[in-house]
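Read left to right, the sequence shown gives residues 3 to 153 (the numbering used here). By construction, the Cβ of each residue, glycine as well, lies at the ideal position given by its N, Cα and C atoms.
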Amino acid sequence: IEVDDAVHDAAFVVKARLAPGGPAPRNAPSAVPDEARKAVLGMADYWQDIANRIRRFEGSASAQGGIAVYGAGFYGNLIASTLRYPERVRCFVDQNGFLQGRTINGRPVVAPDGLPADVTHVLVGLNPRTAEATIGSIESWKNRSLEFFFL
3 IEVDDAVHDA AFVVKARLAP GGPAPRNAPS AVPDEARKAV LGMADYWQDI
53 ANRIRRFEGS ASAQGGIAVY GAGFYGNLIA STLRYPERVR CFVDQNGFLQ
103 GRTINGRPVV APDGLPADVT HVLVGLNPRT AEATIGSIES WKNRSLEFFF
153 L
């Protein structure tokens, strides 16, 4: 019925209704059109590149320094699921007070001010359009020596 790409910054909101009489018959084409195949392969390459970049950043963190994931939503969980050594994640950081105090994969969700002192690397799981500004606005991190990964 409707596709809205403006109501949510990182998703499409779709309204749909089942056709009268049930689902329409499936008449799938026997071959995927070249344009669709290229689009799907391009998207797969994009996400594989992100996964490779996450793992390279993870590898750059010293064994002594802790890792945190900023963002307890979609992007943060995507990052966490991509890590080779997720047990190195000390915590998830989120400004959402409703998420703070909860856990994700057994790790606490803390406010930015609660970032443990031994964390040296932060994987930022925020919308790429706003991530750098959001991280730059965290006053309590301005005097810390932190390395950041942005999607």
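Note on geometry: alpha-carbon atoms of E134 and A21 lie some 44 Å from one another.
The Cβ atoms of G116 and V95 sit closer than 9 Å to each other. DSSP lists K17 as the beta-bridge partner residues of E4. A distance below 6 Å between beta-carbons, with the five flanking residues on each side excluded, links T84 to the following residues of its chain, in chain order: A53 and I56. Looking at the DSSP output, R90 sits in no beta bridge, so it has no partner there.
With contacts defined as CB atoms closer than 9 Å, Y72 and L128 qualify as a contacting pair. Judged by DSSP secondary structure, T84 falls outside any beta strand (DSSP E) and instead within the alpha helix (DSSP H) spanning F76 to T84. Put simply, the stretch 105 to 124 touches the stretch 78 to 92. At least three CB pairs are less than 8 Å apart.
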